[in-house]
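Heads up: the sequence shown is residues 16 to 254, going by my numbering.
Heads up, the beta-carbon is just placed ideally off N, CA and C, and yes, glycines get one too.
All of these numbers come straight from a predicted model, not from anything done at the bench.
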Amino acid sequence: MTPTNQTIQNIPGGQVIFDDGLVMKPGAQLFDSDAWGDHATPHSEGRSVVWRIQKEKGCWLLKHYWRGGLVGRLVSRHYWFLGFRATRMAREYRLLCDMHQAGLPVPRPVAALAQRHLLLFYSGSLLTEYLEDCESLASRIRSGANSDVPWEAVGALIRRFHDEGVVHHDLNASNILLGPEQIYLIDFDKGRQVSSSGQAGWKDGNLRRLRRSLDKLREAGGDIEESWGRLTSGYHLEA
């Protein structure tokens with residue numbers, strides 16, 4: 016049986032996968048910031064803009080998928096089409112569903128759109144619930160409030176995801192959100208879930224990537240060595 020939060024709707028030239036408890040009328044217009052008018056405002060600290068969608072109750076976050084690197088300069092939003100299930104937004108949506116249902120602190124997925132172009136390519140977007148009153152770890156460090164970061168809790172959070180076999184493709188300080196009562200991981204594009212009992216190489220790689228991200232913030236963040244020590248202490252703390 017298909018879970019209610021993974022309902023599929025075919026639309027002209029594309030497909031929407033959505034939570035039918037949150038979306039009543041699935042369609043391409045959901046993913047068009049212009050269609051939302053004044054209810055859509057840009058919200059981002061990364062290389063591309065995401066949109067905060069103000070709803071009557073709560074907010075959503077709209078993300079369009081963009082290529083990076085040299086290829087991205089030539090074809091910024093198009094990817095090779097190998098079936099709707101294999102699209103990046105559908106994969107991220109399903110992973111978010113699995114993590115959310117497992118109780119991991121991630122944004123609740125709302126809907127994902129994959130739109131075909133010239134039969135060979137596709138582009139797409141993702142809607143998730145907006146996490147209110149959160150600040151990225153990178154932003155907190157840049158503000159000079161490194162000492163206010165609950166580093167042990169950040170490490171314990173990463174360990175929790177690793178114990179569930181969740182591989183974050185781009186674990187960096189911008190993808191860790193600090194909330195008043197909870198810490199979240201976001202942006203699981205190209206992420207996946209694997210057996211957590213196998214080799215630990217991918218876990219070490221995740222941590223090294225995060226460390227490189229923090230090293231880039233060293234000038235603003237003060238004593239990164241001490242902070243990293245606290246993070247790894249939290250990571251290795253027995254549950």
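At a Cβ-Cβ threshold of 8 Å, Trp75 and Leu141 do not count as neighbours. Residue state for Ala101 is assigned as helix, using DSSP reduced to three classes.
DSSP lists no beta-bridge partner residue for Leu232.
In the three-state DSSP reduction, Ser189 falls in the helix class (H, G or I). By the CB criterion at 8 Å, His93 and His132 fall inside the cutoff. Comparing alpha carbon positions, the residue from Gly249, Lys205 and Arg226 closest to Trp81 is Lys205. In the three-state reduction of the DSSP assignment, His132 falls in the strand class, which pools E and B. A distance below 8 Å separates the beta carbons of Ala171 and Gly249.
CA-to-CA, the gap between Ser210 and Asp219 works out to about 15 Å. Measuring C-alpha to C-alpha distances from Val31 to each of Gly52, Leu134, Ser138 and Gln116 identifies Ser138 as the nearest. Here the stretch 116-133 does not lie against the stretch 215-233, with fewer than 3 beta-carbon pairs under 8 Å apart. By DSSP's assignment, Gln69 forms a beta bridge with Cys74. Residues of the same chain with a CB within less than 6 Å of the CB of Ile23, apart from the 5 flanking positions on each side, are Ile32 in chain order. A straight line joining the alpha-carbon of Ser162 with that of Arg227 spans about 19 Å. Secondary-structure assignment with DSSP links Glu150 through a beta bridge to Leu193. Cα atoms of Ile173 and Val65: separation of roughly 24 Å, rounded to the nearest angstrom. The Cβ neighbour count for Asn20, taken over all protein chains shown within 10 Å, is at least 16; the residue is labelled buried. For Val31, no alpha helix (DSSP H) run applies; the uninterrupted beta strand (DSSP E) run containing it begins and ends at Gly29 to Phe33, by DSSP.
Looking only at Glu179, Leu229 and Ala168, the smallest Cα-Cα distance to Tyr199 is reached by Ala168.
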